[in-house]
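A.B. asks:
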Amino acid sequence: MKRFAAFRELGTVVLIVLAMVVAGIREPRFFKPESLSNILLYAPLLIVVGIGQMMVIVTRGIDVSVGSMVGISAMTVGMLFKAQPHMPLPLGVGVGILAGLLLGSLNGVLIAGVRIPPIIVTLGGLSAYRGLLFFICQGHQIDANFVPDGLTYWSQAGPITIAGLTISWVFCIAIAGALAAAWFLQRTRAGRDIYVLGSNPEAARLRGVPVRRTTFSVYAITGALCGLAGALYLSRYGVVNPGSAGKGMELVVIAAVVIGGTNVAGGSGSVLGVVLGCLLLGTISNALAVAGIDENWQQLTYGIIILVAVVVDTATKRALAKRLEAA
Amino acid sequence: MVSAKGLRMSFAGVEVLKGVDVDLFPGEVHAIVGENGAGKSTVAKLIGGVYQPVAGQISISGAPTQIGSPRQAIQLGVALIHQEPLTFPDLEVSENVFAGYQPSRGVRGVDWKAMRQEAGQILGRLGSRVKPTDRVANLSIADQQMVELAAALSHNAKVFLLDETTASLTPKEVEELFVIVRKLREDGCALAFVSHRLEEVFSIADRITVLRDGEQVATLIPNETSPEEIVRLMVGRDHSDLGLAPRSYQAQEPVLEVKGLSRGSKFHDVSFQLRRGEILGLGGMVGAGRTEVCEAIFGIARPTGGQVLFDAKPVTIRKPADAIRLGIGLVPEDRQHNGLFMPMQIKENTSSVGLAGFARASWVDRGREGKTATEYATRLRTKLRSVLQPVKELSGGNQQKVVLSKWLLTKPKVLILDEPTRGVDIGAKAEIHMLIRELVEQGMSILIVSSDLPELLGLSDRILVMRQGRIAAEFKGVEADAESVMRAATGQAA
Amino acid sequence: MGKLLSRRETVPAILVVIAFIAGIVESPKFLDFRYLLNVSPEYAETGIMALGMTLVIVCAEIDLSVASILALVACVVAKMLDAGWGGMAAVCGLLLGTCLGGVNGVLVGKLKLPSFVVTLATMALYRGIAQAMLGAHSVKMPHGWIGVDMLNVPGTPFPIPLVLFAVLAVGVGLLLHRTVFGRWIYMTGTNPSAALYSGLPVERVKVLVFTITGFLAAISALLMDSRLGVARYDHALGQELDVITVVVLGGTSIFGGEGAVLANVLALLLIAFVHIGLYLANVTGEFQLAVIGTLLVVAVMISTLVGRRQKR
Numbered sequence: 027m028k029r030f031a032a033f034r035e036l037g038t039v040v041l042i043v044l045a046m047v048v049a050g051i052r053e054p055r056f057f058k059p060e061s062l063s064n065i066l067l068y069a070p071l072l073i074v075v076g077i078g079q080m081m082v083i084v085t086r087g088i089d090v091s092v093g094s095m096v097g098i099s100a101m102t103v104g105m106l107f108k109a110q111p112h113m114p115l116p117l118g119v120g121v122g123i124l125a126g127l128l129l130g131s132l133n134g135v136l137i138a139g140v141r142i143p144p145i146i147v148t149l150g151g152l153s154a155y156r157g158l159l160f161f162i163c164q165g166h167q168i169d170a171n172f173v174p175d176g177l178t179y180w181s182q183a184g185p186i187t188i189a190g191l192t193i194s195w196v197f198c199i200a201i202a203g204a205l206a207a208a209w210f211l212q213r214t215r216a217g218r219d220i221y222v223l224g225s226n227p228e229a230a231r232l233r234g235v236p237v238r239r240t241t242f243s244v245y246a247i248t249g250a251l252c253g254l255a256g257a258l259y260l261s262r263y264g265v266v267n268p269g270s271a272g273k274g275m276e277l278v279v280i281a282a283v284v285i286g287g288t289n290v291a292g293g294s295g296s297v298l299g300v301v302l303g304c305l306l307l308g309t310i311s312n313a314l315a316v317a318g319i320d321e322n323w324q325q326l327t328y329g330i331i332i333l334v335a336v337v338v339d340t341a342t343k344r345a346l347a348k349r350l351e352a353a
Numbered sequence: 007m008v009s010a011k012g013l014r015m016s017f018a019g020v021e022v023l024k025g026v027d028v029d030l031f032p033g034e035v036h037a038i039v040g041e042n043g044a045g046k047s048t049v050a051k052l053i054g055g056v057y058q059p060v061a062g063q064i065s066i067s068g069a070p071t072q073i074g075s076p077r078q079a080i081q082l083g084v085a086l087i088h089q090e091p092l093t094f095p096d097l098e099v100s101e102n103v104f105a106g107y108q109p110s111r112g113v114r115g116v117d118w119k120a121m122r123q124e125a126g127q128i129l130g131r132l133g134s135r136v137k138p139t140d141r142v143a144n145l146s147i148a149d150q151q152m153v154e155l156a157a158a159l160s161h162n163a164k165v166f167l168l169d170e171t172t173a174s175l176t177p178k179e180v181e182e183l184f185v186i187v188r189k190l191r192e193d194g195c196a197l198a199f200v201s202h203r204l205e206e207v208f209s210i211a212d213r214i215t216v217l218r219d220g221e222q223v224a225t226l227i228p229n230e231t232s233p234e235e236i237v238r239l240m241v242g243r244d245h246s247d248l249g250l251a252p253r254s255y256q257a258q259e260p261v262l263e264v265k266g267l268s269r270g271s272k273f274h275d276v277s278f279q280l281r282r283g284e285i286l287g288l289g290g291m292v293g294a295g296r297t298e299v300c301e302a303i304f305g306i307a308r309p310t311g312g313q314v315l316f317d318a319k320p321v322t323i324r325k326p327a328d329a330i331r332l333g334i335g336l337v338p339e340d341r342q343h344n345g346l347f348m349p350m351q352i353k354e355n356t357s358s359v360g361l362a363g364f365a366r367a368s369w370v371d372r373g374r375e376g377k378t379a380t381e382y383a384t385r386l387r388t389k390l391r392s393v394l395q396p397v398k399e400l401s402g403g404n405q406q407k408v409v410l411s412k413w414l415l416t417k418p419k420v421l422i423l424d425e426p427t428r429g430v431d432i433g434a435k436a437e438i439h440m441l442i443r444e445l446v447e448q449g450m451s452i453l454i455v456s457s458d459l460p461e462l463l464g465l466s467d468r469i470l471v472m473r474q475g476r477i478a479a480e481f482k483g484v485e486a487d488a489e490s491v492m493r494a495a496t497g498q499a500a
Numbered sequence: 024m025g026k027l028l029s030r031r032e033t034v035p036a037i038l039v040v041i042a043f044i045a046g047i048v049e050s051p052k053f054l055d056f057r058y059l060l061n062v063s064p065e066y067a068e069t070g071i072m073a074l075g076m077t078l079v080i081v082c083a084e085i086d087l088s089v090a091s092i093l094a095l096v097a098c099v100v101a102k103m104l105d106a107g108w109g110g111m112a113a114v115c116g117l118l119l120g121t122c123l124g125g126v127n128g129v130l131v132g133k134l135k136l137p138s139f140v141v142t143l144a145t146m147a148l149y150r151g152i153a154q155a156m157l158g159a160h161s162v163k164m165p166h167g168w169i170g171v172d173m174l175n176v177p178g179t180p181f182p183i184p185l186v187l188f189a190v191l192a193v194g195v196g197l198l199l200h201r202t203v204f205g206r207w208i209y210m211t212g213t214n215p216s217a218a219l220y221s222g223l224p225v226e227r228v229k230v231l232v233f234t235i236t237g238f239l240a241a242i243s244a245l246l247m248d249s250r251l252g253v254a255r256y257d258h259a260l261g262q263e264l265d266v267i268t269v270v271v272l273g274g275t276s277i278f279g280g281e282g283a284v285l286a287n288v289l290a291l292l293l294i295a296f297v298h299i300g301l302y303l304a305n306v307t308g309e310f311q312l313a314v315i316g317t318l319l320v321v322a323v324m325i326s327t328l329v330g331r332r333q334k335r
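Taken in order, these protein sequences are the chains called A, B and C. Under the numbering used here, think of the first position of the first sequence as 27, with each following residue one higher. Under the numbering used here, think of the first position of the second sequence as 7, with each following residue one higher. Under the numbering used here, think of the first position of the third sequence as 24, with each following residue one higher.
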């Protein structure tokens, strides 16, 4: 199984390279720094939210409310800066994370506490939180002139520039988040409990793993990560429209997580896989854009990606299991 | 080290343990033996914290203790190893060993190096080939049990409860396990060994407790007893209990024939004939492969080899619907999970298999459905208020009668009964026995799996005994006696 | 009293009455029967999809893709009509919806994949196809095809879509409660293992249930095309939420095995009243969605908590 995971990650890398080569041959413009930097700007939001989603799916759950949580957090941070233009940036980001954490915790309480199936809770959350978003902003959008330059700077500049390609601060934040998540999942008991629970809930209970607390925590963490993503959204786009901020993001995120090798039946998934999955989606989306295929094809692409990834993964795993049983 | 006094336990009003005393001493293997359903696993689960006793007292190292949960048992140094290992297939071995207790230091967090090293050491001490970095999903059952043992050792367990641990192991794997058991005993651990394989018991145990029907029959030292005596104590009843007149069966043509049927490691080369109007008993211990054979015939799990003939014609049964079409029915062992739709009506359960028979152009005639359900309830003397009641409101015995009627309604030629009277009260049990007799008189053929020896002996015209996935012996109904069946089932050749 | 409370119809019926009274207080239009009938076709579309969803949820699965099936069928039919296919377009649309549902069914039933993942993917896929086909454009319906919602069944004040819904509700109700197949759906949802041991074609039941849902979504698509007069890829966007809420409010257990059609009709009435009430109060789309989403979670929460208490 470990080899299977490594194989999956390698497969994703191969797909990224393949997508780049195909796109590059058809449209040499693809390799221009502006084009490539688009990928690096596209991926960070996905990576941050995807890590949370991956944890949720590892515990055999799902969270389709992520897009709305990102929207609310982006709006909260935006309104905060509109009201207090001179507030320190970290404080603003912190409030965004807090907003996400709150909503994620509500999901967590309903799922782990009341024991309502995750799909119902988060489907309700998807629209309830979007409505809340409209309520908070009274339907008004946050315009770019209210976003502090310091925050926008995060997306426009970065510490490293290679051959005209700038690695933005936003990307660095996402990678830092990924490293932190990898550390959490790999190095803390609470993190390991997520895998223990997802791998065999009954055995986890008998071993005394805090099942409810762990279930709650994955949704709360996902909420907090959506909060961070909301702040990054503000930095990246400069505007927050209540109707479109984070809309439909759940789909892209789940596609990225699934293509990164996370098992939809729970138990396995890695941060590296999520990061690679997000980069692959970024590459494909950019390649489509460069090739002049408009965003009308995006939904179709995500749907196909999720289906193919799930079917191929499941089929491979069943074939492997069968061979193991026969041996 | 562990002393349990007067343990009592009951499930759903049925008493399964009626005051059992078990003492586990350091440096000793205490075998707990008994027929299926005698209560031996329950003893292990009570000490392991899975269940809490209705009455009785468990003391550990002299101090009276309440063991409220498996986790608490682990903290008290008591480890329960199950027949089916409880592992985490997606995770590596070292983490399975330490799940929930990973060694962790400050900012560096979970110390994988130490975890793998320690797991490696423990596994090395157990003499296992398993590497700490192996994925558990890729391990055999025996190796997974090693992992569970290693997990127990990682908590410095001093008391090991092996609950039918050998049931799914090959003889070689059992030998390897015993090497470890002996090592643990030398290290001063106390072990309880729940098993029904007497040769294993005699090769390893220092003390044997025999249970029968939840009662403690005797506690003996192996040197002072013999397998024969143990078998006698396990059985301990004559089979006139059943109150059924003996019947003589005139062999008729075979209806169902099985030739060399095999399925992976579950059972191997099973061949027998079931004749018209015959009751064929299938005896043996838990894990001998009896249920698996029945399910293979019925199309639940595909056999990997062999042939099934029905009315002398070879047939392929891919799914239960195929078996039902031929006229085969199966009353499954696990009534709750496989037999009944608990929240649904008695009527709906009764008609669940033969529903098409009540339908014209797929339209269910609910009047006739209800009437038929009532008829069967009357015929089987099912105690109910109304056939519109949900079946979950009935007692175990009456629930089983509903399962029986759902099959009788399809008028099968062959009915396979897997433990038909488990968890059924005495009155209903006798009624089910009468019914079985009645059915074969009418020409039905019955294959009955039963761990209840008097039932098996009293009902069957012929008895096959399975042991470790093979047919170990065959007895004519009149020739069979409890002890010879038990000897065959436990591997004590006569 | 206890018995009355435990009936599936009771809670939605009480809520309907409350919503209706609140509606009257808010706006006299609630007493205007003609007004209510005039807006009914929109809810008939939701209701028809909810009939399919009931079967799916009784089977202990979920279908998030219904609204996307509707959108794709609506777009394809409009395009075909535009190309002059005439009546064949409608037939092909129904066929297409059936096939789209069938794909869901095969992935869930035969490949045994979790339905929330499969239908989440097809939700994107089906709508994605429609979007790739039309983009931001809308296709106008030919004249003769517009306005089925304005037509009444001759001699009655009832619009055709409402009557069609009623007929289908009776049909699905009979299917679920009176036929062999309906019983199989209940048994599969209640205890899939026992269903297998009873010789039921469990896989086929699941495939069919999703297929029927696809077919019903296609009917809704035709109605919506006709009502709106144009087809767009974002038809019924997010409407799976309404549909699932109707089914869950109707007392269908999300854990499978329970559900009845009559209760769903009441729940649909409730959702309709809530929407109409919000609309009359000038509450916009996103808020309406939020109310429905909250209603969904609260409904499940109540039924989960009540169910747990009853078990004790």
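Cβ atoms here follow ideal geometry from the backbone N, Cα and C, with glycine treated the same way. As the structure is a computational prediction, the values presented were derived from the model and not from experiment.
Counting Cβ pairs closer than 8 Å, one from the region 274 to 292 of chain A and one from the region 162 to 172 of chain A, do we hit at least three?
C.D. replies: no
A.B. asks: If you compare alpha carbons, which of B:Gly376, B:Arg308 and B:Gly403 is closest to glutamine 395 of chain B?
C.D. replies: Nearest C-alpha to glutamine 395 of chain B: B:Gly376.
A.B. asks: Beta-carbon separation of leucine 38 of chain C and leucine 293 of chain C under 8 Å?
C.D. replies: With a cutoff of 8 Å on beta-carbon distance, leucine 38 of chain C and leucine 293 of chain C are scored as near each other.
A.B. asks: Which runs of the alpha helix (DSSP H) at least 4 residues long sit entirely within the region 151 to 237 of chain B? Give them in chain order.
C.D. replies: 177 to 192 and 204 to 210
A.B. asks: Compare the C-beta of threonine 213 of chain C with all C-beta atoms of chain B and state if any pair is closer than 8 Å.
C.D. replies: yes
A.B. asks: So, at 6 Å on beta carbons, what are the nonlocal neighbours of alanine 478 of chain B in its own chain, with the 5 sequence-adjacent residues on each side left out?
C.D. replies: Result list for alanine 478 of chain B: Val471 and Ala494, in chain order.
A.B. asks: So, at 6 Å on beta carbons, what are the nonlocal neighbours of alanine 100 of chain A in its own chain, with the 5 sequence-adjacent residues on each side left out?
C.D. replies: If we look at alanine 100 of chain A and ignore the five residues flanking it on each side, its Cβ neighbours are Gly256, Tyr259, Leu260, Val266 and Ala271.
A.B. asks: Can you check which of these residues, C:Leu312, C:Asp265, C:Leu272 and C:Phe278, is closest to tyrosine 66 of chain C by C-alpha distance?
C.D. replies: Considering only alpha carbons, the answer is C:Asp265.
A.B. asks: Is there at least one Cβ from chain A nearer than 8 Å to alanine 244 of chain C's Cβ?
C.D. replies: With 8 Å as the cut-off, alanine 244 of chain C does not count as an interface residue toward chain A.
A.B. asks: Please name the residue, chosen from C:Ser221, C:Leu59 and C:Val230, that lies closest to isoleucine 334 of chain B on a Cα-to-Cα basis.
C.D. replies: C:Ser221
A.B. asks: For asparagine 162 of chain B, which residues of its own chain have a beta-carbon under 8 Å away from its beta-carbon, when the five flanking residues on both sides are left out?
C.D. replies: Around asparagine 162 of chain B: Gly83.
A.B. asks: Using a cut-off of 9 Å between C-beta atoms, extract the partners of valine 116 of chain B located in chain A.
C.D. replies: Here the neighbours are Gln212, Arg213, Thr214, Arg215, Gly217 and Arg218.
A.B. asks: Give the residues of chain C in contact with valine 74 of chain A, contact being defined as C-beta atoms less than 9 Å apart.
C.D. replies: Chain C residues near valine 74 of chain A: none, gap ~21 Å exceeds 9 Å.
A.B. asks: Just to confirm, are isoleucine 285 of chain B and leucine 465 of chain B a CB contact at a threshold of 8 Å?
C.D. replies: It is a contact, given that the beta carbons lie within the stated cut-off.
A.B. asks: Taking only beta-carbon positions, decide if proline 143 of chain A is within less than 8 Å of chain C.
C.D. replies: yes
A.B. asks: So leucine 346 of chain B and glutamine 405 of chain B are supposed to be a Cβ contact under 8 Å. How far apart are they, rounded?
C.D. replies: Yes, they are in contact, since the Cβ atoms of leucine 346 of chain B and glutamine 405 of chain B sit about 6 Å apart, within 8 Å.
A.B. asks: Measure the alpha-carbon distance for leucine 301 of chain C versus phenylalanine 161 of chain A and round it to whole angstroms.
C.D. replies: 15 Å
A.B. asks: First and last residue of the alpha helix (DSSP H) that includes alanine 286 of chain C?
C.D. replies: 284 to 303
A.B. asks: Taking the C-alpha atoms as reference points, what is the distance between glutamine 258 of chain B and arginine 282 of chain B?
C.D. replies: Cα to Cα, the separation comes out at about 6 Å.
A.B. asks: Starting from the C-beta of lysine 24 of chain B, find all residues in its chain whose C-beta is less than 6 Å away, skip the five residues before and the five after it, and write them out in chain order.
C.D. replies: Gly220 and Glu221
A.B. asks: Under three-state DSSP, which class holds methionine 472 of chain B?
C.D. replies: strand
A.B. asks: Could you tell me which residues DSSP pairs with threonine 192 of chain A in its beta bridges?
C.D. replies: According to DSSP, which records beta bridges pairwise, threonine 192 of chain A is partnered with A:Thr187.
A.B. asks: Are valine 409 of chain B and valine 484 of chain B touching if we call contact CB-CB under 8 Å?
C.D. replies: no
A.B. asks: Could you check the C-alpha separation between glycine 253 of chain A and glycine 78 of chain A for me, to the nearest Å?
C.D. replies: 11 Å
A.B. asks: Output needed for serine 225 of chain A: all residues of its chain with C-beta closer than 7 Å, excluding positions within five of it in sequence on either side, in chain order.
C.D. replies: Only Gly293 meet the Cβ criterion.
A.B. asks: Could you give the distance in angstroms between the alpha-carbon of isoleucine 236 of chain B and the alpha-carbon of glycine 40 of chain B?
C.D. replies: 9 Å
A.B. asks: Along chain A, which residues have their Cβ under 8 Å away from the Cβ of glutamine 89 of chain B?
C.D. replies: Chain A residues near glutamine 89 of chain B: none, gap ~14 Å exceeds 8 Å.
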